[in-house]
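Chemist:
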Amino acid sequence: MTAPTRENLRNRLDDDARTWLDTALADAALSAATSRDAPGPRRTAAPWELRFASAGRHCGQDQADAVRVLLLREARPDARTLTRLYQQGAAAERRAVLLALPHLAPAPADGLPLVQDALRTNDTRLVAAAVGPYAAEHLDPPAWRQALLKCLFTGVPVDAADRLAERARGDAELARMLGDYAAERTAAGRPVPADLHRLLALTSPTEES
58 MTAPTRENLR NRLDDDARTW LDTALADAAL SAATSRDAPG PRRTAAPWEL RFASAGRHCG
118 QDQADAVRVL LLREARPDAR TLTRLYQQGA AAERRAVLLA LPHLAPAPAD GLPLVQDALR
178 TNDTRLVAAA VGPYAAEHLD PPAWRQALLK CLFTGVPVDA ADRLAERARG DAELARMLGD
238 YAAERTAAGR PVPADLHRLL ALTSPTEES
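Numbering (the numbering used here), first residue to last: 58 to 266.
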């Protein structure tokens, strides 16, 4: 998702939600400053973390992703906090963490386990969020191929995968895997997803993006 700006987001909210957002972002900024001055693990959750969980209730579900991503950008949480928010969060909170990864740019060792966890689920919202720019940048070729197959398995449009044409072009192993999957589906009397044919075409070395 495009990184939200504070002003753009405030324009979408009513007065009460704007007041709540301003307070939440102030809490997040204070947490970031405090962490710089006194690095180390926190004993208790910072106030902004509690607001992260309640964003949908105060700002509406349609704006919750943007609010949570903005909070994460402002708070700049360390890897421990980011992982805790993901692991302890509901699906909507996990999705927001995944969407925020390219804006936070954690080290692959910190962010990729969250992507990999999401790709093990059958939650289509998590799978779609997991194959964004951070995954395109850091997933190695075998893991990236499996991520695309997961999209096909779960019905997530392959266009959700960032840098799709770039990474698929000339990938003979991906083409082989897609061919095997199509053959299995056909042998079982099941339809082959339309996205599979499109993705297979993208593996051509001469495919134009």
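C-beta atoms are modelled at their ideal positions from N, C-alpha and C, and glycine is treated no differently.
Identify, in the order they occur along the chain, each residue of the same chain with its Cβ nearer than 7 Å to the Cβ of L256, setting aside the five sequence neighbours on each side.
Modeler: Cβ neighbours of L256 beyond the five flanking positions: L205, V215, A225, L235.
Chemist: Kindly indicate which residue of A147, E131, L221 has the alpha-carbon position closest to the one of A86.
Modeler: Selected option, being the one with the closest Cα: E131.
Chemist: With a 10 Å radius around its C-beta and 16 neighbouring C-beta atoms as the bar for buried, classify Q120 as buried or exposed.
Modeler: Buried, since its Cβ has 16 or more Cβ neighbours within 10 Å.
Chemist: Check each candidate in A136, D135, A164, V124 and name the one with the smallest Cα separation from R152.
Modeler: Closest by alpha carbon: V124.
Chemist: Using alpha carbons as the reference points, say which of L127, A185, S92 lies closest to N65.
Modeler: Considering only alpha carbons, the answer is L127.
Chemist: Using the C-alpha atoms, what's the distance from A187 back to Y143?
Modeler: The straight-line gap from Cα to Cα measures roughly 12 Å.
Chemist: For A200 and L107, what's the separation of their Cα atoms in angstroms?
Modeler: So the two alpha carbons sit approximately 33 Å from each other.
Chemist: Note the first and the last residue of the continuous alpha helix (DSSP H) segment covering L176.
Modeler: 165–176 is the extent of the alpha helix (DSSP H) around L176.
Chemist: Return the residue from the list A74, A110, T178, S88 that minimises the CA-CA distance to G146.
Modeler: Measuring from the Cα of G146, the nearest candidate turns out to be A110.
Chemist: How would you write the range of the alpha helix (DSSP H) that A218 sits in, first residue to last?
Modeler: First-last for A218: undefined, no H or E at that position.
Chemist: Have a look at F210 and G189 and give me their C-alpha separation to the nearest angstrom.
Modeler: Whole-angstrom Cα-Cα distance: 17 Å.
Chemist: Between S261 and D228, what straight-line distance do the alpha-carbon atoms span, to the nearest angstrom?
Modeler: Using only the alpha carbons, I get a separation of about 8 Å.
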